[in-house]
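Asker: With our numbering, the residue at position 153 of the sequence shown is 154, and numbering never jumps.
All residues carry an ideal CB built from backbone N, CA and C; glycine is no exception.
A quick note: this is a predicted structure, and the numbers were derived from the prediction, not measured.
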Amino acid sequence: MIGVMSDSHDNVTQVRKAVTLFKDAGCDLVLHAGDVVAPFAARELEALGCPIKAVFGNCDGEKQGLEIALEKFGEIQDAPLLFTHGGRQVLLVHYHFSVATYASSGKYDVIIFGHTHKPNIRREGKTLLLNPGEAGGWLTGKSTVSLLDPERLEAEIIGL
């Protein structure tokens with residue numbers, strides 16, 4: 002199982018809830034689609050006990066601090082981040098603007114994105130597109146994350 006989150010925007014309370022949910026679900030990997038924001042919030046993710054892969058979002062101004070905060074248990078970089086997990090090609094980005102173009106290439110099994118703060122699960126061709134919504138909950142008042150089953154290629158949105 003893969004835990005997926007985005008747009009946590011320093012809401013440490015909600016990040017801790019997400020960590021608990023992902024641990025309880027037995028996630029072996031957690032993905033963050035950007036806008037962690039500050040290193041102090043990123044350090045909360047160490048409690049996951051599994052690796053994390055993340056991309057920078059438009060509000061992640063303290064890039065070097067985020068890299069240092071995550072280096073012991075994960076990685077963060079500029080998008081896109083492409084990797085294979087469980088035999089699936091996964092593309093992790095922050096912005097939603099190019100998601101349809103990426104999907105139309107047919108190269109990816111899953112594309113994970115954020116930025117809009119709106120949860121969204123849909124398919125374009127063979128590609129699963131997943132926006133977990135905003136973990137922080139500051140903009141919409143709803144804190145959400147997602148669980149992704151890479152074997153079945155299915156995801157669900159979960160409120161925190």
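With DSSP as the reference, label Val-31 as helix, strand or coil.
Answerer: strand
Asker: Near Ala-55, what residues of its chain come up, given a Cβ to Cβ distance below 6 Å and the 5 sequence neighbours on each side ignored?
Answerer: His-33, Ile-77
Asker: Closer than 8 Å is the cut-off here; do at least three beta carbon pairs connect the stretch 6-16 with the stretch 105-121?
Answerer: yes
Asker: Taking three-plus beta-carbon pairs below 8 Å as touching, is the stretch 38-53 in contact with the stretch 78-90?
Answerer: With a cut-off of 8 Å, the stretch 78-90 and the stretch 38-53 do not count as touching, because too few Cβ pairs lie within range.
Asker: Are the stretch 102-112 and the stretch 127-139 touching, with three or more C-beta to C-beta distances below 8 Å?
Answerer: yes
Asker: Measuring CA to CA, which of Gly-160, Cys-60, Leu-149 is closest to Thr-141?
Answerer: Gly-160
Asker: Find the nearest neighbour of Leu-83 within the set His-95, Trp-139, Lys-73, Asp-61, judged by alpha-carbon distance.
Answerer: His-95
Asker: Please report the distance separating the alpha-carbon of Cys-60 from that of Leu-67.
Answerer: 12 Å
Asker: Please identify the residue among Asn-12, His-86, Pro-52, Ile-158 whose C-alpha is closest to the C-alpha of Lys-24.
Answerer: Cα-wise, what sits closest to Lys-24 is Pro-52.
Asker: Taking the beta strand (DSSP E) that Leu-156 falls in, what are its first and last residues?
Answerer: Per the sequence shown, residue 156 should be read as Ala rather than Leu. Where Ala-156 is concerned, the enclosing beta strand (DSSP E) starts and stops at 155-160.
Asker: Use the C-beta contact count for Asp-150: other C-beta atoms within 10 angstroms, 16 or more gives buried, fewer gives exposed.
Answerer: exposed
Asker: When you compare the CB of Asn-12 with every CB in chain B, is at least one pair closer than 8 Å?
Answerer: In summary, chain B is missing from the structure at hand, where a single protein chain is found.
Asker: Can you tell me whether Ser-105 is buried or exposed? The criterion is at least 16 other CB atoms within 10 Å of its CB, across all chains shown.
Answerer: exposed
Asker: Quick check on DSSP: helix, strand or coil for Leu-131?
Answerer: strand
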